[in-house]
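Residue numbers (our numbering): 37 to 544.
Following this line, the structure appears as structure tokens:
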């Protein structure tokens with residue numbers, strides 16, 4: 037365990053930088069994707085740029101978490117940083133979309149090691165009374181990265197080039213590597229164990245099938261196509277094989293006995309549900325601002341700042357009060373604030389003032405922020421150190437899975453609702469949504485909200501489109517109340533456990 041306070045500061049700084057890079061990478065790249073496609077071409081393949089990264093991140097999380105339990109945190113955190121930086125540098129020099137996709141997969145391998153191991157290191161080096169503040173800090177960085185990424189990506193692309201979206205990781209990552217190598221002295225003893233190759237292979241295969249099905253379904257292929265149905269079938273086969281392999285392995289990638297612990301099981305369910313609803317805020321609020329209010333892409337990213345500040349405050353409060361009261365009591369505060377914020381957002385209209393939207397975002401962000409610090413802590417509560425990496429990576433994996441499913445399912449519903457409302461609005465105008473009056477034809481609704489094209493739309497047509505977009509997004513926020521309500525029910529089963537100072541860690 038590191039004892040010197042000066043060393044601890046540098047270790048924490050290195051961990052924060054690693055989390056910031058890995059968590060922000062997808063959102064910052066998404067903002068630059070239009071420019072990347074314009075430069076490299078390969079429009080029909082651009083979805084794979086995101087998919088390749090997400091697949092390798094999610095597949096790697098449980099595996100690296102387990103390996104860090106077996107062989108040490110430091111070596112695999114540094115390994116993750118090194119692979120992430122190599123992938124970032126390669127992405128910056130990519131000359132084709134195919135190269136960029138391959139390099140993004142390499143980058144994702146490293147990203148899968150960073151976040152779960154960083155949280156676990158905090159629990160290894162800090163005593164119980166300080167862990168809450170530290171996990172609150174790490175959680176705040178995670179929440180901040182989700183809304184800072186789009187804004188930073190827009191500015192880097194405009195002022196420099198899309199290449200620097202990737203290059204910027206290199207100096208940040210090198211500082212993180214230096215801090216961890218020099219100041220993190222790992223003393224925990226690790227017992228070498230047999231690697232669960234069957235579990236690792238079937239888990240990776242299942243995640244690959246599921247992620248590609250979700251990413252390509254409705255875009256590259258229809259949901260009923262043989263390709264997508266085949267991917268879902270492959271996911272089911274490999275996932276069942278993974279479950280079977282884990283029951284036979286001496287040291288499984290995911291230890292299912294952990295789910296017999298009530299606090300652990302409820303924390304995993306909450307990570308999944310919160311992840312699935314949090315992502316729609318980060319995705320649909322900027323769309324609402326740009327499409328309904330008529331703001332620019334930069335303003336759409338900037339307007340998420342209140343939600344970011346709310347989440348930072350919630351994460352910090354959740355971390356600070358972990359030793360004062362139970363996880364359940366804090367999560368009750370979280371879910372109430374989250375439910376109220378989402379309900380208010382679900383009642384937005386084109387007439388909703390921007391300052392009102394700001395208040396709604398702060399309330400929702402505050403409630404959401406608690407989960408960033410509390411759920412990782414609850415996941416490894418009273419666990420022996422040799423199981424912490426696996427427990428924390430399971431929590432990160434399920435949060436990421438929830439985000440992936442959430443953005444896909446809610447995205448499909450929003451598009452269908454928007455299309456239906458648009459058709460109803462233009463019914464009887466000769467051509468439905470494609471006809472908007474003399475001299476105007478609407479081919480792609482999303483293009484109508486670009487600043488240059490918006491001014492050319494007849495006002496009575498624009499009003500109908502804006503209302504349809506507003507209603508469809510508000511409907512999604514109201515629909516998100518269902519998983520939030522399920523979260524509230526789950527919280528009731530968490531029990532009264534809390535971080536206890538001066539108590540020996542129980543062996544599982």
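Don't be surprised by glycine CBs; every beta carbon is placed ideally from N, CA and C.
Where residue i sits in the DSSP three-state scheme
i	result
residue 377	helix
residue 447	helix
residue 253	strand
residue 472	Reliability fails at residue 472, whose pLDDT of 46 lies under 50, so the model's placement of it is uncertain and no value is given.
residue 201	helix
residue 328	helix
residue 418	coil
residue 525	helix
residue 3	Nothing can be reported for residue 3: it is not among the residues displayed for the chain, which extend from 37 to 544.
residue 428	helix
residue 519	helix
residue 387	coil
residue 495	helix
residue 455	helix
residue 129	coil
residue 535	coil
residue 343	helix
residue 220	coil
residue 22	With the chain covering only 37 through 544, there is no way to say anything about residue 22.
residue 146	helix
residue 231	coil
residue 405	helix
residue 77	coil
residue 45	helix
residue 360	coil
residue 196	coil
residue 512	helix
residue 163	coil
residue 382	coil
residue 530	coil
Beta carbon of residue i nearer than 7 Å to that of residue j
i	j	result
residue 88	residue 116	no
residue 401	residue 436	no
residue 520	residue 324	no
residue 110	residue 222	yes
residue 185	residue 64	yes
residue 426	residue 291	yes
residue 349	residue 431	no
residue 163	residue 289	no
residue 373	residue 409	no
residue 407	residue 257	no
residue 104	residue 153	yes
residue 189	residue 206	no
residue 314	residue 509	no
residue 180	residue 344	yes
residue 112	residue 416	no
residue 249	residue 268	yes
residue 535	residue 263	no
residue 156	residue 422	no
residue 316	residue 516	yes
Presumed contact (8 Å Cβ cut-off) between residue i and residue j, rounded CB distance
i	j	result
residue 126	residue 76	That belief does not hold up - the Cβ atoms of residue 126 and residue 76 are roughly 14 Å apart, past 8 Å.
residue 531	residue 299	6 Å
residue 178	residue 55	6 Å
residue 327	residue 505	5 Å
residue 312	residue 405	So it is not a contact: roughly 16 Å between Cβ atoms.
residue 271	residue 245	4 Å
residue 527	residue 368	6 Å
residue 243	residue 85	Rounded, the Cβ-Cβ distance is 18 Å, inconsistent with contact.
residue 94	residue 247	7 Å
residue 303	residue 411	5 Å
residue 254	residue 448	6 Å
residue 274	residue 241	4 Å
residue 533	residue 362	6 Å
Residue i Cβ short of 6 Å to the ligand HEM heavy atom set
i	result
residue 370	With respect to small molecules bound, the structure shown includes none, and the ligand HEM cannot be examined in it.
message = Whether or not the stretch 369–385 and the stretch 140–155 are in contact is what I'm after, with contact meaning three or more pairs of Cβ atoms, one per stretch, closer than 8 Å; do they touch?
response = no
task = Inspect the CB distances between the stretch 442–450 and the stretch 106–123 and report whether three or more fall short of 8 Å.
result = no
message = Any contact between the stretch 421–437 and the stretch 164–171? By contact I mean 3 or more CB pairs, one from each, below 8 Å.
response = no
ask   = Considering only residues of the stretch 263–325, which uninterrupted beta strand (DSSP E) runs meet the minimum length of 3 residues and lie entirely inside it, listed in chain order?
value = none
inquiry  = With three or more C-beta pairs closer than 8 Å as the rule, is the stretch 202–218 touching the stretch 44–52?
reply    = Inter-segment contact for the stretch 44–52 and the stretch 202–218 is present: three or more beta-carbon pairs are separated by less than 8 Å.
task = List in chain order: all unbroken alpha helix (DSSP H) runs of 4+ residues lying wholly within the stretch 83–124.
result = Listed in chain order, they are 83–107.
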